[in-house]
Amino acid sequence: MTQVDFYHLQKQSLENVLPKLLEKAYATGKPIKVKVGNEERVEFINSALWSYDEQSFLPHGSKKDGFGEEQPIWISAGDDAPNQAVFLFLVDGAVVAPDVLSQYERVFNIFDGNSEAALNQARAFWKELKTSSNTINYWQQDDAGKWNKKA
Numbered sequence: 591m592t593q594v595d596f597y598h599l600q601k602q603s604l605e606n607v608l609p610k611l612l613e614k615a616y617a618t619g620k621p622i623k624v625k626v627g628n629e630e631r632v633e634f635i636n637s638a639l640w641s642y643d644e645q646s647f648l649p650h651g652s653k654k655d656g657f658g659e660e661q662p663i664w665i666s667a668g669d670d671a672p673n674q675a676v677f678l679f680l681v682d683g684a685v686v687a688p689d690v691l692s693q694y695e696r697v698f699n700i701f702d703g704n705s706e707a708a709l710n711q712a713r714a715f716w717k718e719l720k721t722s723s724n725t726i727n728y729w730q731q732d733d734a735g736k737w738n739k740k741a
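Counting with the numbering used here, you get residues 591 to 741 for the letters of the sequence shown.
Next comes the structure, spelled out in structure tokens:
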């Protein structure tokens, strides 16, 4: 059974939120996959993770960097996970098939609450998961940026 957490962005951008969530996930020592909605955004996310905070370091890479099996955080637009990831981050409208979903211990679906298309996609994914045996959680940020779990 996979735990799927929906993160509803409203006040902050993906570029501000993703690194912080990845830091927490990376601290577990488990390999991570970031699936991006399209190839054009892979290198944007890759670069953003290198430059988001001068005081932090998140080891990561993409196909361009190589050594996928050695990367603690692997970024791509495909379903590849050469690092044997157990955490999956879905960003920029990335989707995953139910059979791929079951390969992960935990999935973080981060979506833009200011985009009608992103909201509709998240709702459809939620409805699909409600008929499965997966654990589903919904998180929303308050004005201070803290994540609150909603019932």
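C-beta atoms are modelled at their ideal positions from N, C-alpha and C, and glycine is treated no differently.
Assumed close pair residue i, residue j - CB separation to whole angstroms, cut-off 8 Å
i, j, result
"K623", "A671", "5 Å"
"D682", "G627", "3 Å"
"N673", "F596", "Rounded, the Cβ-Cβ distance is 24 Å, inconsistent with contact."
"V697", "T592", "6 Å"
Residue i, enclosing beta strand (DSSP E) - first and last residue
i, result
"Y742", "Because residue 742 is not part of the residues shown, which for the chain are 591 to 741, the question remains open."
"N704", "Neither: N704 is in no beta strand (DSSP E) and is coded neither H nor E."
"Q626", "Strictly speaking, residue 626 in this sequence is Val, with Gln absent from that position. Unbroken beta strand (DSSP E) run through V626: 622 to 626."
"T725", "725 to 731"
"K739", "737 to 740"
For residue i, the first and last residue of its enclosing alpha helix (DSSP H)
i, result
"Y616", "604 to 616"
"V690", "688 to 691"
"L639", "629 to 641"
Below-8 Å beta-carbon distance, residue i vs any chain D residue
i, result
"F647", "In the structure shown, chain D cannot be found, because there is only a single protein chain."
Option in the options with minimal Cα separation from residue i
i, options, result
"D732", "Q593, G656, S641, K601", "K601"
"D669", "T725, L604, K625", "K625"
"P649", "V632, E629, Y616", "Y616"
"S705", "V594, Q593, M591, S603", "S603"
"V685", "E605, E718, E644", "E718"
Residue i vs residue j beta-carbon contact at 8 Å
i, j, result
"F677", "E695", "yes"
"S652", "N636", "yes"
"Q730", "H598", "yes"
"K739", "N724", "no"
"P621", "P662", "yes"
"W664", "G656", "no"
Item to check | Every unbroken beta strand (DSSP E) within the stretch 643 to 694, with a cutoff of 3 residues, ordered by chain | outcome: Along the length of the stretch 643 to 694, whole beta strand (DSSP E) runs at least 3 residues long occupy 663 to 666, 677 to 681, reported in chain order.
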